[in-house]
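Participant: Okay, handing you the structure first.
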Amino acid sequence: MTDILIIGAGLSGLFASILAAKVNADVTLVSAGHGGLSISHGCIDVWSKATPSRSFSRIRKKHPYRIAGKRALDIAIAAFEEITHDASYPFSGSLSRQLFIPTAIGALHCTALAPYSLAHSEITNTTPIAIGSIAGLRDCFPEMLVRNLRANGYAVERSIPLSLPGSEPCRDLYSTDLAYRFDDSSFREQIAQLWKPRLSGIHCLGLPAVLGLRQPHQVFQSFQELLGIKLFEIPTPPPSLPGLRLEKVLFNTAIHFGVNIILGSSATGLIDRSQKLKRVSGIKLHAANSSRHLKARNVILATGGFLHGGLIARRDGSIHESVFNLPLDYSENRPALLAPSIFDEQPYEKHGVRVNSQMQPLDLKGDPVYENLFAAGGIIAGADRQSEGSRQGIDLATAQRAVEAALE
Amino acid sequence: MPSFSTELLVIGAGATGLGIAWDACLRGIKVVVVDQSNIAQGTSGRYHGLLHSGGRYAITDPVSAQECASENTILRRIIPHAIEDTGGLYLALRTDPADYAHEWLLACQKIGIDLEPRSLDQVRRREPALTKAISQAFQVNAASLDSFDLLNSLSHSIRKAGGQVLLHQRVNEFIIENNTVVAAELVSELDQTTMHIGAEIFINAAGPWSDQVAALAGVNIPLTHSKGTMIAMANRLTHTIIHRCRPHSNGDVIVPAGSVMIIGTTDIPVASANDLSIQQSEIDFLMDQGEELIPGFAKTRPLRAWAGIRPIYNSRQYGINATREYSRSHVLIDHGETDGISGLASIFGGKLTTFRLMAQRVVDFVSRELQIDDECCTATVPIEPEKKEFIVLSNRTTRLLSSEKDISDSVICECENVRQSEIESYIQSSPHFELDNLRCTTRLGMGPCQSAFCSVRATEIAFSSHESEDLLADLASFIDRRWRGTSHLAWGQSMRQMALSRRLYFELLDIQQVSGDGS
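As they're listed, the protein sequences go chains E and L.
The opening residue of the first sequence carries number 585 in our numbering; numbering runs sequentially from there.
The opening residue of the second sequence carries number 14 in our numbering; numbering runs sequentially from there.
Listed below in structure tokens is the structure:
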């Protein structure tokens, strides 16, 4: 029997597990696969339309932010900064202003918090910069990056093609291949020697985010010193290092605080029918060719939306919550999940479970379905996270509220 | 305004138009093909990939059936690289009309279509995924024919033989003197420039748009449009083409093609050539039909749905006997005879399987008009592939694993193993970069991720050499077209894939900011 069982190892699940474990709860985290961080930019988007502090009161009442409350968001952001700071993976930014991070194609992504290497505070759009591209790395796009960054007002001087040492046979490079190499200090020294002559006259260089995975901040600082110029990183398409680094930091912190982690197992909810009150008793865990019961006093559902398997769409047009088959916030017969154009707002973004201020999933009458079940992150209905630019802020704020409620 | 003249101008770069131009080239006729968009953007590029054995039409249209059977043999000889010899099975299920199989068998034998009865044991050994409810089975020599590969090879061969293929050129107007079409005014869809091409004969092979082309010469063609919807499934559950042995109906064929499997089709009258919207009921129907043939079919992942338009000519409406109606399948109209407008003829109907025969008949007509005696030789001259080794996924994979692989030649599209060098060679050979055309040429973006990862990489490769073009708008319109092709498949893994694509484009790359929204 565990105090708090968390299902899902994305940002909200990992963050919730740390919050609960930090106050000495007995926490178990289970996940069917990798969480969403491996495909994320590793930043914390809170609200892209204006600074979050200013616009909070204008958000709709049924929005997860309003339900969780501004206080939960503030506490969550502070807790997140503390966790990442303690793990030597500092973030820049705050809730009171917006950061703009160049994306791999040179658009500017609006976010609230970004890892130090992405949001290098000294880089403004008047800093003369150069863009480095690495031969063989498919997922860096120097031509588009330079052109669009210039169009966005950045003072990009030029792009510099950089190569890797030797002619060792290699497979096609992904950003992770390079990151593993950059973790090694002798490789960094070798690269610095090779690149330095090509960088004369450059004061500030943007590189695809490949500078290390295990101790990225240290790698970044030491490589910057070796080259003797200012660096900043630009997140690539997946595998995206900033996302993977954050995932690693959160996993390590969770393990440090004693979270019991079970990966590679999907879950089916178990209902406690012995008492009058409607409660869940835990889950049935399915691993290869076997299954077992895992009992818990409280369960936090952090399984995400359609992309991560928390919601499942069937061919008959129905949608389902994947662990407890919870009632979902949609009532029509067969609502279209998708709008015709990829550029349209998509109805599927807003589906999910409806919750109260305790983060308890609600039935269609508005009562909690189970008194000891809570939800956090992408499974919660009511936000178009993509157009709001609110995804990670909602993850953190709802995880914060869910843990508070579960520990009450 | 630039202008030049030729002997034959063909309108439409589908299988029919390119087939005509190829035949004309081989007879020494000076030919130009024009198309309003790109190669394979009409019916030919939107077909299920079935090289007919003839069986389908044995009862309803014996002439077509016979043509299909003989063209099948010819195409295997002249364009082997575009054909995968999957073979085909006709299956009668226990629920199908009991006498039909017998009647069908007799009809096939009468025409001389190659077929062999197969025991249920044999069928099961060959295709274990099929339903157990089969009552009778017949093996035929159907095959899977890649129309992109066919059309690219035709276009390559035409250019090599001295013909011209001009793309993104829409016929805007015919210049008619003394009731004879003498020239066409073309408008570039890319930069709106115009040009004149004079010719002795104009062939309208614009498929579903041929009524619109004919109307430019003041000629009315009674064309009806029939939409057929298909779904490509992400897996090949059979390696043989599966037909239903029952009266011709919807959802009665499954064609394994490359790494996917296509189920088709439906048959819905629509108002115009551009009416390609799919109804959810068509998808439901096709998935159910697939499930009937292959239990578990509906649980596997659909990759993409699309529709093509069959241009159907209604001779009864026309009421003039001067048409050359070779069979119910295709029709050549000499507008000099029927409408008093000389120098223009229209061809339509037919099937991809019989494109060569249709071309032969058209060029026979053209030769008579031009008083040329050369015989048709397309039945014996092979059509050279544009690229010999790449297109088939297994060839590409073999090459990747071989020691010859150049380490700097990255795989850009991992689903279809398309390498950087293939994209660079496309860029070199194309004056204008278009992702959708690159897709038709290399299969980039046609695999399970539906271009989520490769489209941006390919755009980057084109960026330095095609600086003046709006590549980001092209990228936006490409990913939108890919999205539209999956938007009726919003369930299971395909729903997750779509959510992933959108997450990548809009939250990691923020494409919407730099692309002008694709509109």
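The beta-carbon is built from N, C-alpha and C at its ideal position, and this holds for glycine as well.
Using a Cβ-Cβ cut-off of 8 Å (strictly less than) and excluding sequence neighbours within five positions of Ser-849 (chain E), which residues of its own chain qualify?
Facilitator: Translated into the one-based positions of the first sequence, residue 849 (chain E) becomes position 265. If we look at Ser-849 (chain E) and ignore the five residues flanking it on each side, its Cβ neighbours are Val-614, Ser-615, Ala-616, Leu-869, His-870 and Ala-871.
Participant: What residues from the region 510-527 of chain L come within 8 Å of chain E, judged by C-beta to C-beta, listed N to C?
Facilitator: From the region 510-527 of chain L, only Met-511, Ala-512, Leu-513, Ser-514, Arg-515, Arg-516, Leu-517, Tyr-518, Phe-519, Glu-520, Leu-521, Leu-522, Asp-523, Ile-524, Gln-525, Gln-526 and Val-527 have a Cβ closer than 8 Å to chain E.
Participant: With distances taken Cα to Cα, identify the nearest neighbour of Ala-245 (chain L) among L:Cys-390, L:Asp-127 and L:Tyr-60.
Facilitator: Reading the second sequence from its first residue, position 232 is the one you call residue 245 (chain L). Out of L:Cys-390, L:Asp-127 and L:Tyr-60, L:Tyr-60 has the C-alpha closest to the C-alpha of Ala-245 (chain L).
Participant: Taking DSSP as the reference, what is the three-state secondary structure of Ala-111 (chain L)?
Facilitator: Indexing the second sequence from 1 puts residue 111 (chain L) at position 98. DSSP places Ala-111 (chain L) in coil when its eight states are reduced to three.
Participant: Here's a check: name, in chain order, each residue in its chain whose Cβ is nearer than 6 Å to the Cβ of Phe-908 (chain E), leaving out the five neighbours to either side.
Facilitator: Stepping through the first sequence from its first residue, residue 908 (chain E) is reached at position 324. Excluding sequence neighbours, Phe-908 (chain E) sits near Gly-853.
Participant: From E:His-787, E:Ile-926, E:Pro-800 and E:Ser-747, pick the residue whose C-alpha is nearest to that of Phe-766 (chain E); which is it?
Facilitator: The sequence position of residue 766 (chain E) within the first sequence is 182, counting from 1. Cα-wise, what sits closest to Phe-766 (chain E) is E:Pro-800.
Participant: What is the residue span of the alpha helix (DSSP H) that Gln-373 (chain L) lies within?
Facilitator: Start at 1 with the first residue of the second sequence, and residue 373 (chain L) comes out as number 360. Its alpha helix (DSSP H) spans residues 368-383.
Participant: Which complete alpha helix (DSSP H) runs does the region 721-804 of chain E hold, if anything under 4 residues is left out?
Facilitator: As far as the region 721-804 of chain E is concerned, its whole alpha helix (DSSP H) runs of at least 4 residues are 726-735, 759-766 and 769-779.
Participant: What span of residues does the alpha helix (DSSP H) with Gln-79 (chain L) cover, start to end?
Facilitator: Along the second sequence, read from residue 1 onward, the residue named residue 79 (chain L) stands at position 66. Looking at the DSSP string, the run of the alpha helix (DSSP H) that includes Gln-79 (chain L) is 75-91.
Participant: Start and end of the alpha helix (DSSP H) containing Tyr-518 (chain L)?
Facilitator: Here residue 518 (chain L) refers to the residue found at position 505 of the second sequence. No alpha helix (DSSP H) holds Tyr-518 (chain L); DSSP gives it neither H nor E.
Participant: Leaving out the 5 sequence neighbours to the left and right, which residues in its chain are closer than 7 Å to Ser-201 (chain L) when beta-carbon positions are compared?
Facilitator: Locating residue 201 (chain L) in the second sequence gives position 188, where the first residue counts as 1. Once the five neighbours on either side are set aside, the close Cβ partners of Ser-201 (chain L) are His-181 and Gln-182.
Participant: Mind pulling the chain E residues with CB within less than 8 Å of Gly-505 (chain L)?
Facilitator: As a first step, residue 505 (chain L) is located in the second sequence; it is residue number 492 there, counting from the start. Here the neighbours are Ile-896, Ala-897, Arg-898 and Arg-899.
Participant: Taking Thr-237 (chain L) as the reference, which of L:Thr-351, L:Tyr-113 and L:Ile-325 has the closest Cα?
Facilitator: Residue numbering aside, residue 237 (chain L) sits at position 224 when the second sequence is read from its first letter. Of the candidates L:Thr-351, L:Tyr-113 and L:Ile-325, the one whose C-alpha sits nearest the C-alpha of Thr-237 (chain L) is L:Ile-325.
Participant: Mapping DSSP to helix, strand and coil, what is His-904 (chain E)?
Facilitator: What you label residue 904 (chain E) is simply residue 320 of the first sequence in a count that begins at 1. Of the three classes helix, strand and coil, the one that applies to His-904 (chain E) here is strand, per DSSP.
Participant: Please list, in chain order, the residues of the region 476-501 of chain L that have any C-beta partner in chain E closer than 7 Å.
Facilitator: Going along the region 476-501 of chain L in chain order, one finds Phe-476, Ser-477, Ile-492, Asp-493, Trp-496, Arg-497 and Ser-500 with a Cβ nearer than 7 Å to chain E.
Participant: Could I get the ranges of all uninterrupted beta strand (DSSP E) runs contained in the region 834-858 of chain E, with 3 residues as the minimum, in chain order?
Facilitator: Those beta strand (DSSP E) runs which fall completely within the region 834-858 of chain E and span 3+ residues are 844-847 and 850-856.
Participant: Using a Cβ-Cβ distance under 9 Å, would Asp-280 (chain L) count as near chain E?
Facilitator: Translated into positions along the second sequence, residue 280 (chain L) becomes position 267. Output row for Asp-280 (chain L): interface = no.
Participant: Please classify Asn-165 (chain L): is it buried, with 16 or more other beta-carbons within 10 angstroms of its beta-carbon, or exposed?
Facilitator: Residue 165 (chain L) sits at position 152 when you count from the first residue of the second sequence. Buried is the call here.
Participant: Contact criterion: CB-CB distance below 9 Å. Does Tyr-649 (chain E) meet it with respect to chain L?
Facilitator: Here the question's residue 649 (chain E) lines up with position 65 in the first sequence. Closer than 9 Å: no.
Participant: Looking only at its own chain, which residues have a Cβ that is under 6 Å from the Cβ of Phe-771 (chain E), when we skip the five neighbours before and after it?
Facilitator: As a first step, residue 771 (chain E) is located in the first sequence; it is residue number 187 there, counting from the start. So the list reads Arg-765, once near-sequence residues are dropped.
Participant: If I'm right that Phe-599 (chain E) touches Asp-979 (chain E) with Cβ under 8 Å, what's the distance once you round it to whole angstroms?
Facilitator: Your numbering for residue 599 (chain E) matches position 15 in the first sequence. Your numbering for residue 979 (chain E) matches position 395 in the first sequence. Confirmed, about 7 Å.
Participant: With three or more C-beta pairs closer than 8 Å as the rule, is the region 798-817 of chain E touching the region 835-844 of chain E?
Facilitator: Not touching, per the Cβ criterion.
Participant: Note down, in chain order, each residue of its chain lying with its Cβ closer than 7 Å to the Cβ of Pro-745 (chain E), except the 5 sequence neighbours on either side.
Facilitator: Taking the first residue of the first sequence as position 1, residue 745 (chain E) is located at position 161. These residues qualify, in order along the chain: Ser-717 and Ala-719.
Participant: Start and end of the beta strand (DSSP E) containing Gln-225 (chain L)?
Facilitator: On the second sequence, position 212 is the one that residue 225 (chain L) refers to. Taken as a continuous stretch (DSSP letters only), Gln-225 (chain L) belongs to no beta strand (DSSP E), being part of the alpha helix (DSSP H) at 223-229.
Participant: What does Cys-426 (chain L) pair with, by DSSP beta-bridge criteria?
Facilitator: Taking the first residue of the second sequence as position 1, residue 426 (chain L) is located at position 413. For Cys-426 (chain L), which the question treats as bridged, DSSP gives the partners L:Val-431.
Participant: Alpha carbon to alpha carbon, how far is Ser-355 (chain L) from Gln-384 (chain L)? Give it in angstroms, no decimals.
Facilitator: Your numbering for residue 384 (chain L) matches position 371 in the second sequence. Your numbering for residue 355 (chain L) matches position 342 in the second sequence. So the alpha carbons of these two residues sit roughly 15 Å apart.
Participant: Do you know offhand how far Arg-131 (chain L)'s Cα is from Glu-140 (chain L)'s?
Facilitator: Taking the second sequence and counting its residues from 1, the one referred to as residue 131 (chain L) is at position 118. Taking the second sequence and counting its residues from 1, the one referred to as residue 140 (chain L) is at position 127. Taking the straight line joining both Cα atoms gives about 12 Å.
Participant: Candidates L:Val-379, L:Asp-523, L:Gln-373 and L:Arg-494: which alpha carbon is nearest Ile-87 (chain L)'s?
Facilitator: Against the second sequence, residue 87 (chain L) aligns to sequence position 74. The shortest C-alpha separation from Ile-87 (chain L) is found at L:Gln-373.
Participant: Shortest alpha-carbon distance to His-501 (chain L) belongs to which of E:Leu-830, E:Leu-921 and E:Asp-629?
Facilitator: Stepping through the second sequence from its first residue, residue 501 (chain L) is reached at position 488. Minimum Cα distance to His-501 (chain L) is reached at E:Leu-921.
Participant: Mapping DSSP to helix, strand and coil, what is Tyr-103 (chain L)?
Facilitator: For the purposes of this step, residue 103 (chain L) is taken as the residue at position 90 of the second sequence. Strand.
Participant: What does the alpha-carbon distance come out to for the pair Gly-626 (chain E) and Leu-878 (chain E)?
Facilitator: By one-based count along the first sequence, residue 626 (chain E) stands at place 42. By one-based count along the first sequence, residue 878 (chain E) stands at place 294. Those two C-alpha atoms are separated by around 31 Å.
Participant: When the Cα of Ser-442 (chain L) is compared with those of L:Cys-38, L:Val-178 and L:Gly-349, which residue comes out closest?
Facilitator: Along the second sequence, one-based indexing puts residue 442 (chain L) at 429. Ranking L:Cys-38, L:Val-178 and L:Gly-349 by Cα distance to Ser-442 (chain L) puts L:Val-178 first.
Participant: With burial defined as no fewer than 16 other Cβ atoms inside 10 Å of the residue's Cβ, what is the status of Cys-390 (chain L): buried or exposed?
Facilitator: The residue given as residue 390 (chain L) occupies position 377 in the second sequence. Its Cβ having fewer than 16 others within 10 Å, Cys-390 (chain L) is exposed.
Participant: Taking Pro-821 (chain E) as the query, report the chain L residues whose CB atoms sit under 8 Å from its CB, ordered along the chain.
Facilitator: Counting from 1 along the first sequence, the entry for residue 821 (chain E) is found at position 237. What Pro-821 (chain E) touches in chain L: Phe-466, Val-469, Leu-517, Leu-521 and Leu-522.
Participant: Where do the ends of the alpha helix (DSSP H) carrying Arg-259 (chain L) lie?
Facilitator: Working through the second sequence from its first residue, we reach residue 259 (chain L) at position 246. Element bounds for Arg-259 (chain L): n/a, residue is neither H nor E.
Participant: When you compare the CB of Met-585 (chain E) with every CB in chain L, is at least one pair closer than 9 Å?
Facilitator: Taking the first residue of the first sequence as 1, we reach residue 585 (chain E) at position 1. Answer no: the Cβ-Cβ gap between Met-585 (chain E) and chain L never drops below 9 Å.
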